[in-house]
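A.B. asks: In the order they appear, the protein sequences are chains A and B.
Under my numbering, the residue at position 248 of the first sequence is numbered 248, and the numbers go up by one with no gaps.
Under my numbering, the residue at position 89 of the second sequence is numbered 89, and the numbers go up by one with no gaps.
Glycine is no exception: its CB is placed at the ideal position from the N, C-alpha and C atoms.
Mind looking over this structure? Questions follow.
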Amino acid sequence: MTKAFIRLCGVLTALLALLVSMALYNVFAVSPAALKGAWEACALASVLAVSMQTSFCAALLSMIVGTPVAYVLARRGFPGKTALETLLDLPVALPPMVAGLALLLLVSPNSPVGCLLAKADISLIFTKSGIILAQFFVAVPFYIRAVRSAITAIPPSIPAAAALLRANEAYTFFHVILPLSREGVISGFVMCWTRALGEFGATAMVAGCVPGVTETLPVAIYTRATAGDLASAGAAAFCLALISFLTLIALRVAFKGESQRRNA
Amino acid sequence: MISLENICKRFDDRMVLKGVSLSLARGEFSILLGPSGAGKTLLLAILAGLEKPSSGRVLIGGCDMTSAPPENRPVTMVFQRHALFPNLTVFENIAFSMRARRLPHRVVRSRVNELLALINLPDYAHAKPDVLSGGQCQRVAVARALAADAEIILFDEPFSSLDRPLKAGLLSELKNIHRAAPFTALYVTHDMDEARALGDRVHMIGNGRITRSSAPHSLHDAAASVSGPLSALSPPPLF
């Protein structure tokens with residue numbers, strides 16, 4: 001029975017690995033010449049630049065907003081906390097197109113928020129700011145989850161000791177809690193950034209696809225593929241997959257040393 | 001003078017502390033002796049402000065501090081598992097409270113060096129806690145508590161996880177430190193030898209109440225006369 005169970009586990013693992021490898025093979029099996037041709041013909045450099053800029057800004061914004069939110073959720077109890085947690089997690093479960101439509105309705109010129117933004121001369125629809133907003137909306141829960149878990153993992157005696165050493169909460173946060181949550185902050189930032197980089201539905205709804213302005217890599221893959229230009233779509237997919245792959249390796253290498261130090 | 005007046009603490013339908021009253025004189029090293037589950041650590045947490053009592057008052061220097069947050073009380077604590085900040089060096093751990101109070105850098109450096117000498121760890125200033133032994137960690141925790149310049153230091157079974165010879169050495173060091181710079185202390189333990197070695201006064205707690213307060217030398221008499229809580233002080237049989 002045990003042997004059969006282990007065999008079943010092994011077969012399922014092998015099948016999954018095979019599926020992922022076969023699917024990714026087609027993305028990575030692009031000849032350098034074809035990649036170069038598609039890169040130049042379709043101005044993929046500018047698409048890549050838009051994607052990198054906006055996803056980095058979205059991840060940075062998630063870090064600035066998400067860190068205090070994660071701290072409050074990890075360390076404080078208050079009425080309605082569960083409801084708030086569910087609300088903040090909702091963008092993860094929400095279909096991206098629904099998230100995009102919700103944002104579009106929120107910032108459209110006819111809405112109260114859109115009116116305020118128009119008065120302040122801020123335009124979000126069909127702009128890079130709109131991409132950042134859409135990516136932030138979809139990716140910030142990933143950051144909050146990672147940092148919240150890291151803060152929750154700190155033994156309660158640590159902040160208690162800090163309070164009994166006359167440190168106020170802000171001092172303790174910056175000198176103890178945040179440094180001890182470093183791993184969660186970094187992995188949360190990277191997860192959030194890669195999620196933002198791959199965001200398609202919400203981005204397309206809010207920012208559309210203005211070549212050179214709001215065209216991100218996932219949007220480029222979709223538009224090129226639906227237009228029948230599979231070479232360009234493949235080149236854009238290769239870029240996106242390569243970035244994700246390298247990020248994953250970098251994260252694993254960075255935290256391998258850390259976990260080895262911890263286990264020593 | 002520190003007074004706990006009629007402290008009660010209830011968790012759901014279970015009353016853990018049932019009207020504890022206790023007074024600690026300034027500079028006195030008091031022991032809170034009792035078996036596991038008697039409410040010793042909970043009482044320390046209430047005194048430190050980490051827990052709120054269900055009823056009763058905490059008076060420190062005549063002021064009602066029952067609702068004051070931990071950082072506003074003249075109280076610090078040495079935890080059972082030392083609770084040193086793992087991201088900071090030994091020097092930074094000891095300097096933590098002084099830096100939080102924005103004391104001048106020169107004052108901080110001189111005080112930390114003084115305390116490092118006091119705990120016999122002057123060569124470990126730049127070491128992180130993860131390279132220290134259990135005994136060294138507790139010495140740093142004691143130095144860190146002394147650096148806080150608190151009126152009262154609470155000790156929550158700080159040496160309970162250490163082996164006997166190391167514990168005896170640390171108890172003697174702690175006694176010397178207290179002699180050199182008398183601070184008011186409340187030391188929680190379930191070990192009668194520790195209570196005898198350290199205490200100026202021993203308060204025995206059992207079943208959520210202070211059952212007896214006496215000088216440490218009369219502990220044997222107490223053991224003979226109060227069979228309930230003290231019988232529970234010896235470790236339970238394994239089988």
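With distances taken from CA atoms, which of Arg99(B), Leu116(B), Phe91(B), Lys9(B) is nearest Phe174(A)?
C.D. replies: Against the first sequence, residue 174(A) aligns to sequence position 174. When only C-alpha atoms are compared, the closest one is Arg99(B).
A.B. asks: Spatial neighbours of Glu85(A) within its chain, please: CB distance less than 7 Å, with the 5 preceding and 5 following residues excluded, ordered by chain position.
C.D. replies: The count along the first sequence starts at 1 and reaches residue 85(A) at position 85. Excluding residues within five positions, the ones whose Cβ falls inside 7 Å are Leu73.
A.B. asks: Name the residue from Leu16(A), Leu35(A), Val65(A) whose alpha carbon lies nearest to the alpha carbon of Cys192(A).
C.D. replies: Here residue 192(A) refers to the residue found at position 192 of the first sequence. It is Val65(A) whose Cα lies nearest to the Cα of Cys192(A).
A.B. asks: Where do the N-terminal and C-terminal ends of the alpha helix (DSSP H) with Ile89(A) fall, by residue?
C.D. replies: What you label residue 89(A) is simply residue 89 of the first sequence in a count that begins at 1. According to the sequence displayed, residue 89(A) carries Asp and not Ile. Taken as a continuous stretch (DSSP letters only), the alpha helix (DSSP H) holding Asp89(A) covers 81-93.
A.B. asks: Apart from the five residues just before and just after Ser231(B), which ones in its own chain have a Cβ nearer than 7 Å to its Cβ?
C.D. replies: Against the second sequence, residue 231(B) aligns to sequence position 231. Only weak support exists for where Ser231(B) lies, its pLDDT of 39 falling under 50; the coordinates are left without a value.
A.B. asks: Under the three-state reduction of DSSP, which class applies to Lys52(B): helix, strand or coil?
C.D. replies: If you number the second sequence from 1, residue 52(B) lands on position 52. Lys52(B): coil per DSSP, three-state reduction.
A.B. asks: Enumerated in chain order, which unbroken segments of the beta strand (DSSP E) with a length of 3 residues or greater are wholly contained in the region 34-85 of chain B?
C.D. replies: 55-60, 75-78
A.B. asks: When the Cα atoms are used, what is the spatial distance from Gln138(B) to Ile153(B)?
C.D. replies: To locate residue 138(B), count along the second sequence from 1; it is residue 138. To locate residue 153(B), count along the second sequence from 1; it is residue 153. Whole-angstrom Cα-Cα distance: 14 Å.
A.B. asks: Using a Cβ-Cβ cut-off of 6 Å (strictly less than) and excluding sequence neighbours within five positions of Leu35(A), which residues of its own chain qualify?
C.D. replies: Locating residue 35(A) in the first sequence gives position 35, counting from the first residue. These residues qualify, in order along the chain: Ala235.
A.B. asks: Under 7 Å Cβ to Cβ from Ser111(A), same chain only, skipping five residues before and after it: list those, please.
C.D. replies: Translated into positions along the first sequence, residue 111(A) becomes position 111. Beyond the five residues adjoining it in sequence on each side, Ser111(A) comes within less than 7 Å, by CB distance, of Leu105 in the same chain, given in chain order.
A.B. asks: Between which two residues does the beta strand (DSSP E) holding Cys209(A) run?
C.D. replies: Translated into the one-based positions of the first sequence, residue 209(A) becomes position 209. Where Cys209(A) is concerned, there is no enclosing beta strand (DSSP E), given that its DSSP letter is neither H nor E.
A.B. asks: Cα separation between Ile249(A) and Glu183(A)?
C.D. replies: Taking the first residue of the first sequence as 1, we reach residue 249(A) at position 249. Taking the first residue of the first sequence as 1, we reach residue 183(A) at position 183. Each residue's alpha carbon lies about 15 Å from the other.
A.B. asks: Between Trp193(A) and the ligand ATP, is the CB less than 7 Å from at least one heavy atom?
C.D. replies: Looking for the ligand ATP in the displayed structure turns up nothing, as the structure carries no ligands at all.
A.B. asks: Expressed to the nearest angstrom, what Euclidean distance is found between the alpha-carbon atoms of Glu199(A) and Pro86(B)?
C.D. replies: Counting from 1 along the first sequence, the entry for residue 199(A) is found at position 199. Counting from 1 along the second sequence, the entry for residue 86(B) is found at position 86. Taking the CA atoms as reference points, Glu199(A) sits about 37 Å from Pro86(B).
A.B. asks: State the beta-bridge partners of Phe29(B) as determined by DSSP.
C.D. replies: Indexing the second sequence from 1 puts residue 29(B) at position 29. According to DSSP, which records beta bridges pairwise, Phe29(B) is partnered with Ala185(B).
A.B. asks: Should Gly34(B) be labelled buried (16 or more other beta-carbon atoms within 10 Å of its own) or exposed?
C.D. replies: Here residue 34(B) corresponds to residue number 34 of the second sequence, with the count starting at 1. Flag for Gly34(B) reads buried.
A.B. asks: State yes or no: is the C-beta of Gly19(B) within less than 8 Å of the C-beta of Arg209(B)?
C.D. replies: Here residue 19(B) refers to the residue found at position 19 when the second sequence is read from its first residue. Here residue 209(B) refers to the residue found at position 209 when the second sequence is read from its first residue. In this structure, Arg209(B) lies closer than 8 Å to Gly19(B) by Cβ.
A.B. asks: Confirm, please, whether the CB-CB distance from Leu44(B) to Asp156(B) is below 8 Å.
C.D. replies: If you number the second sequence from 1, residue 156(B) lands on position 156. If you number the second sequence from 1, residue 44(B) lands on position 44. Yes, the pair counts as a contact, with Cβ atoms nearer than the cut-off.
A.B. asks: Along the chain, where does the alpha helix (DSSP H) that runs through Phe200(A) open and close?
C.D. replies: Residue numbering aside, residue 200(A) sits at position 200 when the first sequence is read from its first letter. Per DSSP, Phe200(A) belongs to no alpha helix (DSSP H) and is neither H nor E.
A.B. asks: Please report whether the beta-carbon of Asn110(A) lies at a distance below 8 Å from any beta-carbon of chain B.
C.D. replies: As a first step, residue 110(A) is located in the first sequence; it is residue number 110 there, counting from the start. No, Asn110(A) does not count as interfacial toward chain B.
A.B. asks: Are the beta-carbon atoms belonging to Val142(B) and Val90(B) less than 8 Å from one another?
C.D. replies: Here residue 142(B) corresponds to residue number 142 of the second sequence, with the count starting at 1. Here residue 90(B) corresponds to residue number 90 of the second sequence, with the count starting at 1. The Cβ atoms of Val142(B) and Val90(B) lie no closer than 8 Å to each other.
A.B. asks: Quick one: is Val75(B) near chain A, going by C-beta distance under 8 Å?
C.D. replies: Sequence index remark: in the second sequence, residue 75(B) carries index 75 (1-based). Yes, Val75(B) lies at the interface with chain A (some Cβ there is under 8 Å from its Cβ).
A.B. asks: Mind checking which residues open and close the beta strand (DSSP E) that includes Ser31(A)?
C.D. replies: Locating residue 31(A) in the first sequence gives position 31, counting from the first residue. Segment: none, Ser31(A) is in no beta strand (DSSP E) and carries neither H nor E.
A.B. asks: Using the Cα positions of Pro269(A) and Ala237(A), report the straight-line distance between them to the nearest angstrom.
C.D. replies: What the structure shows of chain A is the stretch from 1 to 264, and residue 269(A) is not part of that stretch, so it cannot be assessed.
A.B. asks: Whole angstroms is fine: what's the gap from Phe239(B)'s alpha carbon to Leu88(A)'s?
C.D. replies: On the second sequence, residue 239(B) is found 239 positions in, with the first residue counted as 1. On the first sequence, residue 88(A) is found 88 positions in, with the first residue counted as 1. With a pLDDT of 35 at Phe239(B), under the threshold of 50, the modelled position of this residue cannot be trusted, and the question is left open.
A.B. asks: Three or more beta-carbon pairs under 8 Å between the region 163-179 of chain A and the region 69-77 of chain B, yes or no?
C.D. replies: yes
A.B. asks: Given this structure, state the Cα-to-Cα distance separating Pro235(B) from Phe78(A), to the nearest angstrom.
C.D. replies: Within the second sequence, the letter at position 235 stands for residue 235(B). Within the first sequence, the letter at position 78 stands for residue 78(A). Note that Pro235(B) has pLDDT 37, beneath the 50 cutoff, so the model's placement of it is unreliable and the number below is only indicative. For Pro235(B) and Phe78(A), the distance between alpha carbons rounds to 40 Å.
A.B. asks: In angstroms, rounded to a whole number, what distance separates the CA positions of Pro165(B) and Asp200(B)?
C.D. replies: Here residue 165(B) corresponds to residue number 165 of the second sequence, with the count starting at 1. Here residue 200(B) corresponds to residue number 200 of the second sequence, with the count starting at 1. Roughly 22 Å separates the two Cα atoms.
A.B. asks: Measuring CA to CA, which of Asp149(B), Arg196(B), Ile2(B) is closest to Leu103(B)?
C.D. replies: Locating residue 103(B) in the second sequence gives position 103, counting from the first residue. For Leu103(B), the nearest C-alpha among the options comes from Asp149(B).
A.B. asks: Using CA atoms only, rank isn't needed, just tell me which of Leu22(B), Ser3(B), His82(B) is closest to Ala162(A).
C.D. replies: Here residue 162(A) is taken as the residue at index 162 of the first sequence, counted from 1. The shortest C-alpha separation from Ala162(A) is found at His82(B).
A.B. asks: Note down, in chain order, each residue of its chain lying with its Cβ closer than 7 Å to the Cβ of Leu198(B), except the 5 sequence neighbours on either side.
C.D. replies: Your numbering for residue 198(B) matches position 198 in the second sequence. The answer, listed in chain order, is Phe29, Ile31, Leu171, Leu174, Lys175, Tyr187.
A.B. asks: How many whole angstroms separate the CB atoms of Pro53(B) and Thr41(B), which I take to be in contact at a CB cut-off of 8 Å?
C.D. replies: Residue numbering aside, residue 53(B) sits at position 53 when the second sequence is read from its first letter. Residue numbering aside, residue 41(B) sits at position 41 when the second sequence is read from its first letter. The pair is not a contact, with the Cβ atoms about 14 Å apart (cut-off 8 Å).
A.B. asks: Determine which residues share a DSSP beta bridge with Ser23(B) and list them.
C.D. replies: Taking the first residue of the second sequence as position 1, residue 23(B) is located at position 23. Answer is Ser3(B).
A.B. asks: Along the chain, where does the beta strand (DSSP E) that runs through Val131(B) open and close?
C.D. replies: Walking along the second sequence from the start, residue 131(B) turns up at place 131. Careful: Val131(B) lies outside any beta strand (DSSP E) and carries neither H nor E.
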